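Chemist: Before I ask anything, here is the structure I am working with.
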Amino acid sequence: MAKRRRLSYSSDEFFASDGSASDWNPEPKPTPTRSKRTQITKRPKQGPPQGRAKKALKKSRDVDAEDSDAVASPSRVTPHGASTHIVSDVEPLRKALLEWYSKVHETRGMPWRKPYDSSLGPEARSQRAYEVWISEIMLQQTQVATVKPYYNAWMEKFPSIRDLAASDIDTVNGSWKGLGYYSRAARLLNGAKKVVNELGGRLPDNAKDMESKIPGVGRYSAGAICSIAYNECVPVLDGNVHRLLSRVLALHALPKAKQSLDVLWNGATSMVEGSDRPGDLNQALIELGSTVCKVRDPSCETCPLRQWCRAHKCQNAGDKGLSGVNTHDVPDIEELCSICEPLPHSVTVTMFPMKAERKKAREELDIVNVIEWRPDARSNERWFLLVRRPEGGLLAGLHEFPTKADVSSTISPASMSSIPSELLSDLLTKQPRSLVGHHESSDESSSTKPAGPPPEVKDGDITIVKIKPAGDVLHIFSHIKKTYRIQWVLLEGGGTVPPPLANTCLSIGETLPRNKNKAKVDGKSKSKKVPHVHPTGMSHGGWTLMDDVPRAK
1 MAKRRRLSYS SDEFFASDGS ASDWNPEPKP TPTRSKRTQI TKRPKQGPPQ GRAKKALKKS
61 RDVDAEDSDA VASPSRVTPH GASTHIVSDV EPLRKALLEW YSKVHETRGM PWRKPYDSSL
121 GPEARSQRAY EVWISEIMLQ QTQVATVKPY YNAWMEKFPS IRDLAASDID TVNGSWKGLG
181 YYSRAARLLN GAKKVVNELG GRLPDNAKDM ESKIPGVGRY SAGAICSIAY NECVPVLDGN
241 VHRLLSRVLA LHALPKAKQS LDVLWNGATS MVEGSDRPGD LNQALIELGS TVCKVRDPSC
301 ETCPLRQWCR AHKCQNAGDK GLSGVNTHDV PDIEELCSIC EPLPHSVTVT MFPMKAERKK
361 AREELDIVNV IEWRPDARSN ERWFLLVRRP EGGLLAGLHE FPTKADVSST ISPASMSSIP
421 SELLSDLLTK QPRSLVGHHE SSDESSSTKP AGPPPEVKDG DITIVKIKPA GDVLHIFSHI
481 KKTYRIQWVL LEGGGTVPPP LANTCLSIGE TLPRNKNKAK VDGKSKSKKV PHVHPTGMSH
541 GGWTLMDDVP RAK
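Be aware that the sequence shown starts at 1, since it is given in the UniProt record's numbering, and climbs by one per residue.
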């Protein structure tokens with residue numbers, strides 16, 4: 001039998017993401033064409049070497065075994081078997097994890113975290129699923145400490161799924177105010193209505209139906225809800241579990257690649273498959289990832305899975321790297337992992353999962369028009385126009401001042417001053433006249449002077465008497481760096497009530513809620529009916545009185 005040779009990789013093979021801890025920079029060389037990588041499954045069938053394994057085999061034929069140890073490369077692909085990324089003996093991990101969880105599950109005082117009760121009937125289990133559903137959606141992109149008071153207030157206002165289904169989007173958004181990502185609240189409302197109207201008032205009792213039938217519920221949420229409320233043996237893989245299992249399995253591959261996610265979902269499945277406590281196991285994995293196996297400064301010394309954690313072993317393996325976590329230093333070439341990326345010479349636990357390169361957020365400029373109407377120049381009655389954003393996309397269904405989105409960053413003051421007329425021609429039934437000939441300066445004492453003779457203003461005409469810049473507001477979304485450039489637009493005239501709105505406005509949604517619609521005219525309260533369009537189409541806006549807005553100045 002031929003003597004087995006150890007595979008090594010030269011510094012020419014180095015490449016790393018921006019998150020790599022290595023400071024070493026190789027001499028630039030042409031990047032060789034890569035073969036397509038082979039997907040790793042839970043029990044991969046071995047075949048001819050592919051991808052990185054194929055490259056390793058070719059490289060080994062040209063490397064002398066004695067010379068391969070001469071120089072240690074600062075970064076290399078350490079040969080290791082695909083079995084490194086498989087949970088092979090799950091029972092000891094489950095036992096250690098559940099013992100740890102029994103001591104900490106009440107530490108953070110989460111009101112939605114309750115022990116599974118097998119004696120509950122179908123209705124009570126569905127109620128439990130509703131509670132878990134609300135908590136899971138709230139916890140998306142939001143910290144536990146922030147969610148707790150919102151969850152308690154929500155359950156007080158909407159104690160059952162039928163109570164939620166009977167509500168409306170404005171009431172729901174009011175309860176959600178401050179949590180952000182308002183589309184989550186809209187999906188909860190839509191999901192509740194669907195459950196009541198189409199599913200007999202009960203959430204599905206299995207993850208497959210939960211994911212396919214309930215809006216906004218994906219594979220993770222379906223697994224969490226059904227394992228906790230219905231004791232179904234289905235896995236979860238949120239950000240915390242993704243990080244935890246990437247370290248336990250020492251997976252250093254592109255974190256969002258399909259091959260990587262397949263490996264991690266398979267690992268999560270192994271943890272709960274055949275268990276009599278899948279809900280507790282899933283919650284334990286989430287809790288461990290959140291409180292112990294943190295992004296930075298993980299508390300490895302207190303981790304119940306430390307002795308099985310391959311990233312921890314890899315950290316202690318020195319030059320052996322990932323090969324040091326296997327029984328044999330060198331696996332057969334057919335068994336090599338083909339998805340892991342190169343690791344720096346000195347490996348630490350926090351190098352797992354691999355850091356993905358973040359895309360630069362695109363930059364956009366929106367012109368926000370705070371449109372105010374007054375009956376005349378002497379009136380203290382102030383009305384403001386709001387429209388509802390489209391039901392899909394960024395800030396879906398929320399109210400805003402009329403906005404011209406994504407304009408040129410070099411837009412001129414003259415172009416900005418023309419935007420209100422453009423927007424109002426679509427929003428109002430009657431086109432207002434403009435007395436503004438140019439954009440007003442930011443000086444508080446300045447006044448708008450028309451360029452050329454002003455248009456003739458007749459009784460009953462609505463006029464734009466002032467357009468004044470009010471500054472920029474920068475808001476950074478996850479994928480957009482948005483600058484809101486604000487201008488105040490003052491309308492006067494047209495009668496004693498705000499101008500009626502057209503049947504076709506800029507945004508999609510329901511009618512804008514109003515309070516008592518009491519306006520003050522010359523210091524006296526006067527009840528009046530405000531024209532508010534209920535269009536046959538889907539688009540509209542609405543006027544709101546400043547005195548009806550809490551804490552408005």
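All residues carry an ideal CB built from backbone N, CA and C; glycine is no exception.
A quick note: this is a predicted structure, and the numbers were derived from the prediction, not measured.
Taking G239 as part of the alpha helix (DSSP H), name the residues at either end of that continuous run.
Modeler: G239 -> alpha helix (DSSP H) spans G239 to V248.
Chemist: According to DSSP, is H479 part of a helix, a strand, or is it coil?
Modeler: Three-state DSSP puts H479 in coil, outside helix and strand.
Chemist: Since L386 sits in a beta bridge, which residues does DSSP pair it with?
Modeler: Bridge partners of L386: G542.
Chemist: Residues in its own chain within less than 7 Å of D376 by CB, not counting five upstream and five downstream?
Modeler: Closer than 7 Å at the Cβ level, and outside the excluded window around D376, lie E492 and G493.
Chemist: Alpha helix (DSSP H) containing L188: first to last residue?
Modeler: Here the alpha helix (DSSP H) through L188 covers S183 to E198.
Chemist: Tell me where the alpha helix (DSSP H) around D163 begins and ends.
Modeler: D163 -> alpha helix (DSSP H) spans I161 to A165.
Chemist: Closest by CA to L365, which one among L490, E232, I476 and V195?
Modeler: Here the closest residue by C-alpha is I476.
Chemist: Could you give the first and the last residue of the continuous alpha helix (DSSP H) run that contains V263?
Modeler: Counting along the chain, the alpha helix (DSSP H) containing V263 begins and ends at K258 to V272.
Chemist: Measure the C-alpha to C-alpha separation of T511 and H399 and round it to an integer number of angstroms.
Modeler: Confidence at T511 is low in this model, with a pLDDT of 35, below 50, so its placement is unreliable and no value can be given for it.
Chemist: Expressed to the nearest angstrom, what Euclidean distance is found between the alpha-carbon atoms of S102 and D332?
Modeler: Their backbone Cα atoms lie some 41 Å apart in a straight line.
Chemist: Taking Y220 as the reference, which of V236, L164, S135 and I169 has the closest Cα?
Modeler: Of the listed residues, the one whose Cα sits closest to Y220 is V236.
Chemist: Quick check on DSSP: helix, strand or coil for V132?
Modeler: Helix at V132.
Chemist: The alpha helix (DSSP H) with K213 in it runs from where to where?
Modeler: Start and end: A207 to K213.
Chemist: Among the residues of its own chain, which have a CB less than 8 Å from the CB of G523, if the five just before and after it don't count?
Modeler: With a pLDDT of only 42 at G523, under the threshold of 50, the placement of this residue in the model should not be trusted; the figure read from the coordinates follows. N380, listed in sequence order.
Chemist: Considering Cα atoms alone, identify which of P402, V147 and S415 is closest to D426.
Modeler: Here the closest residue by C-alpha is P402.
Chemist: So, do the region 184-191 and the region 205-218 have three or more beta carbon pairs nearer to each other than 8 Å?
Modeler: At 8 Å Cβ cutoff, the stretches touch.
Chemist: Could you give the first and the last residue of the continuous alpha helix (DSSP H) run that contains N173?
Modeler: Per DSSP, N173 belongs to the alpha helix (DSSP H) from I169 to W176.
Chemist: Among all the DSSP beta bridges, which residues are the ones paired with S434?
Modeler: Paired residue(s): I464.
Chemist: Where does the unbroken alpha helix (DSSP H) through N369 begin, and where does it stop?
Modeler: Element bounds for N369: not the alpha helix (DSSP H) but the beta strand (DSSP E), R362 to R374.
Chemist: Would you kindly report the start and end of the unbroken alpha helix (DSSP H) that includes T146?
Modeler: Note, T146: alpha helix (DSSP H), V144 to K157.
Chemist: Expressed to the nearest angstrom, what Euclidean distance is found between the alpha-carbon atoms of G109 and S175?
Modeler: Rounded to the nearest angstrom, the two C-alpha atoms are 21 Å apart.
Chemist: Applying the 10 Å Cβ sphere with the 16-neighbour rule, what's the burial state of N240?
Modeler: Per the 10 Å Cβ criterion, buried.
Chemist: Would V248 and C309 be called neighbours here (beta carbons separated by less than 7 Å)?
Modeler: Their beta carbons are under 7 Å apart, which means V248 touches C309 by this criterion.
Chemist: Quick check on DSSP: helix, strand or coil for I40?
Modeler: Summary for I40: the model assigns pLDDT 37, below 50, so the residue's position carries little reliability; its value from the coordinates is reported in the next sentence. Looking at I40 - three-state DSSP - the assignment turns out to be coil, as it is neither helix nor strand.
Chemist: Using 8 Å as the Cβ pair cut-off and three pairs as the minimum, do the region 89-101 and the region 124-133 touch?
Modeler: The region 89-101 is not in contact with the region 124-133.
Chemist: Quick one: what's got a C-beta closer than 7 Å to A207's C-beta in the same chain, skipping five residues either side?
Modeler: Here the set comprises A222, G223, C226, E232 and V234.
Chemist: Can you check whether the CB of S135 is closer than 7 Å to the CB of Y151?
Modeler: Closer than 7 Å, so yes.
Chemist: Buried or exposed for E287, please, with buried defined as at least 16 other CB atoms from any protein chain shown within 10 angstroms of its CB.
Modeler: It is buried - the Cβ of E287 has at least 16 other Cβ atoms within 10 Å.
Chemist: When you compare the region 248-268 with the region 196-211, are there three or more beta-carbon pairs, one atom per stretch, that lie closer than 8 Å?
Modeler: Short answer: they don't touch.
Chemist: By DSSP, does I411 sit in helix, in strand, or in coil?
Modeler: In the structure shown, I411 sits in coil (DSSP, three-state: anything other than H, G, I, E or B).
Chemist: Please list, in chain order, all residues of the same chain as residue 564 whose beta carbon is under 6 Å from its beta carbon, the five residues on each side excluded.
Modeler: A question about residue 564 goes unanswered here, because the residues of the chain that appear run from 1 up to 553.
Chemist: Could you please give me the residues that DSSP links to H399 through a beta bridge?
Modeler: Beta-bridge pairing links H399 to R388.
Chemist: What does the alpha-carbon distance come out to for the pair G460 and G495?
Modeler: Cα to Cα, the separation comes out at about 6 Å.
Chemist: Output the distance between the C-alpha atoms of A284 and R94, rounded to the nearest integer angstrom.
Modeler: Roughly 10 Å separates the two Cα atoms.
Chemist: Helix, strand or coil: how does DSSP classify G279 here?
Modeler: Residue state, collapsed to three classes: helix.
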